[in-house]
Amino acid sequence: MNHESSPSDGKPLVLQFDDNRLLSSLFGRHDEFLARIEKQLGVSLSSRGNRVAIVGPDRSAAAASRALNELYGRLKRGHSVDTGEVDAAVRLAVHDIGAGDVSDGADRGRVAIQTRRRLIVARSAAQAAYVGALESYDLVFAEGPAGTGKTYLAVGVAVSMMLRGQVDRIILSRPAVEAGERLGFLPGDVREKVDPYLRPLYDALHDMLPAEVVAKKLENGEIEIAPLAFMRGRTLSNAFVILDEAQNCTVGQMKMFLTRLGENSRMVVTGDISQIDLPPGVMSGMVDALRVLYGIEGMGTITFTDADVVRHPLVTKIVRAYDAHGKVPLALKPAGERSE
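Okay, so the sequence shown: first residue is 0 according to numbering that gives the first Met the number 0, each after it adds one.
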């Protein structure tokens with residue numbers, strides 16, 4: 000257990016950790032993780048032995064303390080720490096301090112998804128709310144920029160629910176070659192035509208299940224990856240169904256997809272309404288559905304922002320730069336708010 004002394008009369012806030020063996024992983028090579036926290040929070044961190052002294056504004060120092068405590072707790076639970084985890088800990092600490100949670104965060108477990116190959120941990124408050132919505136609602140819409148984990152987390156929850164026996168099948172779909180799914184000009188059979196457009200879904204599956212398991216489940220139909228057009232006329236029961244890149248569905252395609260929902264099934268619709276590739280004048284089915292279905296009982300809606308981007312820090316700056324030039328106007332709920 001780590002110990003914390005509160006600052007007084009301008010003295011630094013001091014953390015003391017009880018397991019010296021974990022400190023090299025906590026601090027990073029050449030203290031790179033401490034330097035990363037310093038840069039993000041505007042504080043000064045100095046380590047001596049098993050102690051870290053934090054100097055800076057009260058809220059920033061409290062956030063740094065909380066982030067270090069959470070990372071230390073992660074190491075004690077046998078998990079690794081990398082730059083992504085450091086950024087996530089800082090992001091969540093800032094959110095929690097801003098929300099009035101002034102606990103030290105020691106040994107606080109984050110929302111996590113257990114799959115065969117890895118433990119996937121929510122890296123922002125919106126991601127944590129999203130995972131909660133995926134576990135609670137039969138229909139969830141997730142809208143926001145690239146890099147926020149919309150599809151990856153949905154696939155993770157789908158795999159976890161299959162492993163727990165809560166669903167029999169996972170069905171992953173997305174519009175192929177824009178929204179019209181014009182595949183005829185591509186060489187090869189149907190699978191060869193659509194696979195390049197479904198590759199992100201395959202990548203997510205292989206991140207969570209051994210390759211031989213993915214291959215077997217694809218072969219026996221327990222996992223199905225198909226373009227949106229293949230959903231027409233079907234009733235999807237006992238399944239976890241994900242529609243990715245949904246901003247490129249037409250209104251008719253979205254209505255068709257949503258009405259496939261069968262008994263004991265869940266649906267997730269993900270997309271980024273700032274990246275619509277439909278022809279001019281054609282309404283996005285995702286935009287339309289979010290307006291038509293707003294507030295409907297049994298549906299959860301999560302809105303991600305650039306603050307939730309968990310890829311390279313440059314991705315966040317890129318998203319913000321594009322947003323500065325305007326985004327498709329749409330009244331959505333703030334991140335984490337769900338329909339009741």
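Glycine included, every Cβ here is placed at the ideal spot set by N, Cα and C.
Please read these numbers as outputs of a predicted model, since none were measured by experiment.
Subject >> C-alpha gap between Leu344 and Arg173, whole angstroms >> reply: This structure cannot speak to residue 344, because the chain is shown only from 0 to 339.
Subject >> Cβ contact (3+ pairs, closer than 8 Å) linking the region 228 to 245 and the region 204 to 213 >> reply: no
Original post:
With respect to the beta strand (DSSP E) encompassing Ser46, which residues constitute its N-terminal and C-terminal limits?
Top reply: 43 to 47
Original post:
With a Cβ-Cβ cutoff of 7 Å, do Leu133 and Leu67 count as a contact?
Top reply: no
Subject >> Gln274 - DSSP class collapsed to helix/strand/coil >> reply: coil
Subject >> Val308, buried or exposed, once every other Cβ within 10 Å from all chains shown has been counted against 16 >> reply: buried
Original post:
DSSP three-state call for Val166: helix, strand or coil?
Top reply: coil
**OP:** Quick one: measure Cβ to Cβ for Tyr201 and Ile170, integer angstroms, because I've assumed they're closer than 8 Å.
**Re:** 14 Å between Cβ atoms; not a contact.
Original post:
Touch check for the region 76 to 96 and the region 121 to 128: three-plus C-beta pairs under 8 Å?
Top reply: yes
Original post:
For Gly55, which three-state DSSP category applies?
Top reply: coil
Original post:
So, are the CB atoms of Ile112 and Arg58 less than 7 Å apart?
Top reply: no
Original post:
Distance, Cα to Cα, Leu257 vs Gly297?
Top reply: 13 Å
Original post:
How many angstroms separate the CA atom of Gly179 from the CA atom of Gly146?
Top reply: Low local confidence applies: a pLDDT of 44 at Gly179 is under 50, so the model's placement there is unreliable, with the coordinate-based value given in what follows. Approximately 25 Å between the Cα atoms of the pair.
Original post:
Identify the residues that DSSP records as bridge partners of Glu223: which are they?
Top reply: Ile170
Original post:
Using the rule of at least 16 other Cβ atoms within 10 Å of the residue's Cβ for burial, across every protein chain shown, is Lys316 buried or exposed?
Top reply: exposed
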